[in-house]
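Colleague: Below you will find the structure I want to go over with you.
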Amino acid sequence: MGCYMFDAQTTWYDRIVRKDEVDKVNPPKFDKANDMAELTHLNEASVVHNLASRYMADMIYTYSGLFLVAVNPYCSLPIYNHAYISMYKNKSRDVAPPHIYAITDLAFRNMLEMHENQSILVTGESGAGKTENTKKVIQYLAAVTTPTNKTSELGTIEQQILQANPILEAFGNSQTVRNNNSSRFGKFIKIGFSRSGQISGAYINWYLLEKSRVVTQSPLERNYHIFYQLLCGASAGLREKFLLDRNVGDYAYLKNGQRSIPGISDEDEFKKLMLAFKIMGFSEQEQTDLLRVIAIILHIGNLEVGAERSSGQAKLLQYVQVEKLCHAMGVPVDAFTKALLRPRVKAGRDWVDQSRTQAQVQFSLHALAKALYERGFAYLVNRINEVLERDSGSTMFIGVLDIAGFEIFEANSFEQLCINYTNEKLQQFFNHHMFVLEQEEYARENIDWQFIDFGHDLQPTIDLIEKSNPIGIFSCLDEDCVMPRATDKSFTEKLHSLWDKKSDKYKPSLFKQGFRLRHYAAEVDYSTEGWLEKNKDPLNDNITHLLSLSEEPHIAHLFADDLEGDLAARKRRGLFRTVAQRHKEQLTSLMAQLNSTRPHFVRCILPNHEKRPRKMDSVLVLDQLRCNGVLEGIRIARTGFPNRLSFAEFRQRYEILVKQGAGARGTLANATGTEYVDGQRACSLILDALKLDKSAYRVGITKVFFRAGVLAELEDQREKLVRTVITLIQSRVRGYLQRRYVNKRLYRAEAVQVIARNIKASQTDNPWWKVYVKMQPLLMAQRETVQTMARDGEYRKVVAQLADAEAESQKARDRARKLEGEMKKVQETLESERALAIDKQEILRRSQMREADLEEQLVVALEDLDKLEVQCEELLDAKRKADKEVEMWRGELEKAARIIGRLEGEKGALDKRIETLVADLSEKEDKEGKIHGAMEQL
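With UniProt numbering, letter number 200 in the sequence shown gets 200, and the count goes up by one each step, no holes.
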């Protein structure tokens with residue numbers, strides 16, 4: 001059959017398709033529907049068409065059942081100003097068009113009304129707009145929680161939360177192929193609130209900083225923004241202080257990628273960064289220290305390493321560049337050169353100087369640059385947390401998660417596995433919350449429901465990555481990292497032996513050294529080259545110890561845990577974690593926090609790979625919708641009961657909607673008397689009185705369940721009724737207070753008149769009264785002077801006491817905050833140690849089992865060796881006998897050879913004699929013939 005096709009670029013074309021490939025079209029009234037769950041015909045084509053038509057009209061937000069879909073517009077839209085904030089403040093979801101502000105406001109109101117922590121998970125592929133939407137969430141919360149009569153402290157904390165973004169973006173974002181401002185780290189921002197709903201503090205947890213970008217980038221990408229901002233925006237004096245030039249092309253870590261972003265001025269961005277530092281309270285010295293680390297990394301990249309022709313040992317080619325680097329780091333040149341080229345290593349019980357090759361020195365320099373950046377970034381986030389984390393009575397929080405999306409590149413390595421593993425866990429959390437928990441609760445509450453299998457079981461893939469028994473990829477990698485002779489190749493072969501043909505999620509890769517893993521989004525080929533080194537994340541101990549003694553306090557602080565002889569440092573070394581272990585622990589902590597909150601999901605969609613506005617690649621979008629479970633989410637929102645309240649909450653909140661005197665209200669009123677009305681029956685009576693459609697709700701064992709939108713309608717009715725009642729009460733109270741005030745004023749005026757007449761009548765002729773009247777102004781002035789002096793003294797005392805009390809209170813708060821921080825760190829360390837101990841026990845158990853197997857094999861091998869030794873002795877004896885026989889036969893052979901020689905000599909002599917005799921015989925025969933001839937003639 002024929003049909004018209006639409007490619008989201010306002011271009012129509014004809015195509016012949018089969019009837020079974022065509023889906024039904026929704027009526028025109030559903031064009032550009034705000035909520036795709038409202039579509040009459042729910043299919044993939046209608047969902048993509050609805051998103052595309054809205055996207056072309058600059059409506060980038062669309063509801064998809066219980067969550068929000070956000071399509072990256074790749075341009076600035078005027079939908080984030082104060083007018084839009086006012087439009088969504090304290091409004092239900094259906095009042096205004098879909099927006100990130102609506103989801104944020106819902107989370108904020110849920111937190112205040114239900115006293116439950118909330119989380120907003122902003123997920124999607126790289127370049128889909130996660131970071132920008134995260135900033136809009138924080139912007140909205142800062143705006144709606146700012147009181148009209150705000151104090152300077154509250155205004156400061158809200159402003160500081162907003163200004164943390166430019167700092168984190170400068171040090172944690174960069175330009176990629178898909179995104180000009182891509183977050184290369186994950187963050188979970190916890191914004192704390194007081195009981196009154198005011199922001200009281202914030203805390204940032206960060207994950208998976210892409211350290212490899214510091215030393216290498218693809219030609220179409222850049223390093224982190226801060227490198228270019230420093231070179232382009234810093235003053236000449238600051239660049240001279242760090243011994244830097246302005247030209248980006250002069251630095252090895254920058255020159256191979258893009259040097260600027262179209263439409264973005266690195267100089268202006270540096271000014272914004274300096275302003276953000278100032279607002280955050282960073283001192284001039286702290287700013288200099290942070291930028292010094294960036295300058296040091298640029299100098300490290302410019303070090304040139306060569307090799308001696310004779311020995312092949314490494315050598316530094318440019319002494320001037322080495323001097324610049326050591327000056328910036330605050331360490332002696334000779335000590336740094338020796339630590340880099342000939343570090344001291346332990347060989348048995350002795351320490352020896354070991355010469356390094358050119359490749360080893362280059363690796364050490366890259367590792368140092370990455371470690372400096374990571375430690376500097378960790379210090380920066382800790383300082384931001386110190387500024388934002390206030391002891392202001394935070395009782396609840398809203399967490400905002402912005403983490404790198406699922407990644408599939410031409411070459412995928414260890415970093416991509418960590419990122420994709422994280423996304424696998426987050427997708428499982430989404431599926432579990434949206435599908436599994438939802439339907440399990442229906443079963444617990446005896447709700448009539450047909451269980452739907454949405455086919456999103458991600459646990460096998462997660463187990464394959466993280467499980468310890470049977471051993472998963474991370475555990476296998478950790479195990480091989482402590483094996484003395486393990487290599488990337490042996491690690492890969494071990495994985496193949498453990499999982500190939502034993503899990504349908506795993507198979508060997510097309511790479512020479514790697515494997516293929518089936519994720520929820522797609523199959524990904526991973527190359528395992530360099531995984532052992534990446535997981536151990538090694539550093540040159542000689543250099544780190546040298547930096548811990550640096551004359552620059554900040555550099556020494558970054559490497560303070562490497563000081564030898566420091567007991568605490570040795571304990572910290574004992575808590576060594578591989579990269580895989582640290583990431584698994586961080587992710588476990590994150591998932592525990594998310595599970596303790598009520599989540600709200602924002603699914604960001606990448607419309608195209610060209611970063612072009614108003615262009616939508618339908619195939620690309622549909623693939624993302626399938627992977628993210630958007631269609632299943634719509635389906636369960638339409639067929640299920642996403643909103644629910646306990647009987648007590650429902651009765652307390654919505655009993656007011658039942659009219660006074662109605663049957664249900666009268667029956668409920670008896671509950672306060674002798675008759676008992678249980679919660680289930682009370683809710684049923686209220687629902688009957690409200691005359692709701694029976695299909696719109698279900699009454700369970702402990703809760704009432706509603707279809708999407710029903711509870712919002714009840715809430716609107718309640719707000720209207722409450723508003724009417726409050727208005728009536730306010731009018732009655734204002735009238736009463738005004739009448740009371742007026743009557744009181746009238747009574748006072750009348751009393752004053754009576755008193756005045758009586759005093760005037762009694763004191764007219766009293767001489768002392770006349771004196772008093774004349775002296776009264778003087779007495780009052782003197783009295784006021786004395787009272788003023790007394791009040792001033794008391795005021796000064798109270799101010800001093802208040803200052804002392806405030807100081808003591810601040811000290812107590814600081815101590816409490818410090819103790820809470822230490823307790824939190826101890827708890828986190830304890831949890832991580834417990835998890836690590838379990839892993840180590842499992843590794844120890846496997847090692848012991850392997851040791852037992854090897855011992856058994858050794859016993860068998862020794863027995864075989866004894867048997868072989870016996871056989872060897874027997875064979876040697878047989879050989880000796882054979883040798884004797886050979887010697888004997890060799891003698892016999894020599895005798896035979898001599899005899900044969902003699903016989904052959906005799907035979908030769910006989911042959912010659914025979915020849916002579918034959919010749920004589922022939923001669924005689926000739927003579928005889930001649931004689932016979934002569935005789936015959938005669």
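Glycine residues also receive a C-beta, built at the ideal position from the N, C-alpha and C atoms.
1) Just the C-alpha distance for T597 and F706, rounded to the nearest angstrom, thanks.
2) Throw me the rounded Cβ distance for the L606 and E125 pair, which I believe falls under 8 Å.
3) Looking at C-alpha atoms only, which residue of K770, N385, R222 and A878 is the closest neighbour of G821?
4) CB-CB under 6 Å to E479, same chain, minus the five flanking residues each way: which ones, in chain order?
5) Classify E925 as helix, strand or coil using the three-state DSSP reduction.
6) In its own chain, which residues sit with a C-beta less than 7 Å from the C-beta of E925, not counting the 5 before and 5 after it?
7) Given a cut-off of 8 Å on the beta-carbon distance, is the pair I120 and V137 in contact?
8) If you reduce the DSSP assignment to three classes, tell me which class R626 lands in.
9) Where E523 and R516 are concerned, what is the direct C-alpha to C-alpha distance, given to the nearest angstrom?
10) Are the CB atoms of G301 and T357 within a distance shorter than 8 Å?
11) Relative to the alpha-carbon of I419, which residue among R850, L208, E887 and L893 has its alpha-carbon at the smallest distance?
12) Round the Cβ separation of V704 and R644 to the nearest angstrom and send it over; I've been treating them as touching at under 8 Å.
13) How about E340 and I543: do their beta carbons lie closer than 8 Å?
14) By DSSP, does Q937 sit in helix, in strand, or in coil?
15) With 16 other CB atoms within 10 Å as the buried threshold, where does T131 fall?
16) Find out if the Cβ-Cβ distance for the pair K24, H41 is shorter than 8 Å.
17) In angstroms with no decimal places, state the Cα-to-Cα distance between N446 and R651.
18) Taking the C-alpha atoms as reference points, what is the distance between residue 998 and V381?
19) Taking 7 Å as the cut-off, is the CB of Q229 close to at least one heavy atom of the ligand FMN?
20) If you compare alpha carbons, which of S527, Y224, K255 and E533 is closest to A367?
21) Cutting at 6 Å between CB atoms, please list the residues of its own chain near L298, excluding the five before and the five after it.
22) So what's L458 in DSSP terms, helix, strand or just coil?
23) DSSP on F185, reduced to helix/strand/coil?
24) Between the alpha carbons of E529 and N412, how many angstroms are there, rounded?
25) What is the DSSP secondary structure of S509, reduced to helix, strand or coil?
26) Which one of E424, V333 and R222 has the shortest CA to CA distance from N628?
27) Entirely within the region 680 to 738 and at least 4 residues each: give me those alpha helix (DSSP H) ranges in chain order.
28) Taking W449 as part of the beta strand (DSSP E), name the residues at either end of that continuous run.
29) Nearest to N180 by alpha carbon, out of Q198, A234 and D266?
30) For the putative contact between V699 and Q680, defined by C-beta atoms under 8 Å, what is the C-beta separation to the nearest angstrom?
31) Could you tell me the distance, in whole angstroms, from the CA atom of residue 952 to the CA atom of V345?
32) A276: buried (16+ other C-beta within 10 angstroms of its C-beta) or exposed?
33) What does the alpha-carbon distance come out to for the pair S618 and Q362?
34) Which one of F641, N81, D353 and Y421 has the shortest CA to CA distance from A443?
35) Roughly how many angstroms lie between the CA atoms of L417 and Y526, to the nearest whole one?
36) Between which two residues does the beta strand (DSSP E) carrying C604 extend?
Modeller: A quick look at the data gives this:
1) What you label residue 597 is simply residue 597 of the sequence shown in a count that begins at 1. What you label residue 706 is simply residue 706 of the sequence shown in a count that begins at 1. If you take the alpha carbons of T597 and F706, they lie about 21 Å apart.
2) Here residue 606 is taken as the residue at index 606 of the sequence shown, counted from 1. Here residue 125 is taken as the residue at index 125 of the sequence shown, counted from 1. About 5 Å separates the two Cβ atoms, so the contact holds.
3) On the sequence shown, residue 821 is found 821 positions in, with the first residue counted as 1. Taking only the C-alpha atoms, the option nearest G821 is N385.
4) For the purposes of this step, residue 479 is taken as the residue at position 479 of the sequence shown. Excluding sequence neighbours, E479 sits near I843.
5) For the purposes of this step, residue 925 is taken as the residue at position 925 of the sequence shown. Here E925 carries a helix assignment [DSSP, helix/strand/coil].
6) Numbered from 1 along the sequence shown, position 925 holds the residue referred to as residue 925. Excluding residues within five positions, none has a Cβ falling inside 7 Å.
7) Walking along the sequence shown from the start, residue 120 turns up at place 120. Walking along the sequence shown from the start, residue 137 turns up at place 137. In contact: I120 and V137 (Cβ atoms closer than 8 Å).
8) Along the sequence shown, one-based indexing puts residue 626 at 626. Helix, per DSSP.
9) In the sequence shown, counting from the first residue as 1, residue 523 sits at position 523. In the sequence shown, counting from the first residue as 1, residue 516 sits at position 516. Take the alpha-carbon of E523 and the one of R516: they are about 7 Å apart.
10) Indexing the sequence shown from 1 puts residue 357 at position 357. Indexing the sequence shown from 1 puts residue 301 at position 301. No.
11) Residue mapping note: residue 419 aligns to position 419 of the sequence shown, counting from 1. That would be L208, whose Cα lies nearest to the Cα of I419.
12) Looking up residue 704 in the sequence shown gives position 704. Looking up residue 644 in the sequence shown gives position 644. Contact holds; Cβ gap of about 7 Å.
13) As a position in the sequence shown, residue 340 is number 340, starting the count at 1. As a position in the sequence shown, residue 543 is number 543, starting the count at 1. According to the sequence provided, residue 340 is Leu. The question's Glu does not apply to it. A contact, by the Cβ cut-off of 8 Å.
14) The residue labelled residue 937 in the question sits at position 937 within the sequence shown. Three-state result, Q937: helix.
15) Position 131 of the sequence shown, counted from the start, is the residue given in the question as residue 131. Under a 10 Å Cβ-count criterion, T131 is classified as buried, with 16 or more other Cβ atoms of the shown protein chains found around its own Cβ.
16) The residue given as residue 24 occupies position 24 in the sequence shown. The residue given as residue 41 occupies position 41 in the sequence shown. Contact: yes.
17) By 1-based counting over the sequence shown, the position of residue 446 is 446. By 1-based counting over the sequence shown, the position of residue 651 is 651. About 20 Å.
18) Given a span of 1 to 938 for the chain in the structure shown, any question on residue 998 remains unanswerable.
19) Inclusion of the ligand FMN in the displayed structure is not the case, the ligand content being empty and no account of it being possible.
20) The residue given as residue 367 occupies position 367 in the sequence shown. Looking at the Cα atoms, E533 is the closest of the given residues.
21) As a working mapping, residue 298 is identified with position 298 in the sequence shown. Excluding residues within five positions, the ones whose Cβ falls inside 6 Å are Y251.
22) By one-based count along the sequence shown, residue 458 stands at place 458. Note: L458 maps to coil in three-state DSSP.
23) In the sequence shown, the residue the question calls residue 185 occupies position 185. Coil at F185, not helix or strand.
24) Position 529 of the sequence shown, counted from the start, is the residue given in the question as residue 529. Position 412 of the sequence shown, counted from the start, is the residue given in the question as residue 412. Spanning the two alpha carbons is a distance of roughly 10 Å.
25) Locating residue 509 in the sequence shown gives position 509, where the first residue counts as 1. S509 falls in the coil class under three-state DSSP.
26) Locating residue 628 in the sequence shown gives position 628, counting from the first residue. Looking at the Cα atoms, E424 is the closest of the given residues.
27) For the region 680 to 738, not a single whole alpha helix (DSSP H) run of length 4 or above is found.
28) Within the sequence shown, the letter at position 449 stands for residue 449. Bounds of any beta strand (DSSP E) do not take in W449, whose DSSP letter is neither H nor E.
29) On the sequence shown, residue 180 is found 180 positions in, with the first residue counted as 1. Answer by Cα proximity: D266.
30) Taking the sequence shown and counting its residues from 1, the one referred to as residue 699 is at position 699. Taking the sequence shown and counting its residues from 1, the one referred to as residue 680 is at position 680. At roughly 6 Å, the Cβ-Cβ gap stays under 8 Å, so V699 and Q680 are in contact.
31) In the structure as shown, the chain starts at 1 and stops at 938, and residue 952 therefore has no counterpart that could be examined.
32) Taking the first residue of the sequence shown as 1, we reach residue 276 at position 276. Per the 10 Å Cβ criterion, buried.
33) The residue given as residue 618 occupies position 618 in the sequence shown. The residue given as residue 362 occupies position 362 in the sequence shown. In a straight line, the C-alpha of S618 is about 46 Å away from that of Q362.
34) Against the sequence shown, residue 443 aligns to sequence position 443. Of the listed residues, the one whose Cα sits closest to A443 is F641.
35) Taking the first residue of the sequence shown as position 1, residue 417 is located at position 417. Taking the first residue of the sequence shown as position 1, residue 526 is located at position 526. In a straight line, the C-alpha of L417 is about 8 Å away from that of Y526.
36) Stepping through the sequence shown from its first residue, residue 604 is reached at position 604. Where C604 is concerned, the enclosing beta strand (DSSP E) stretches over R598 to I605.
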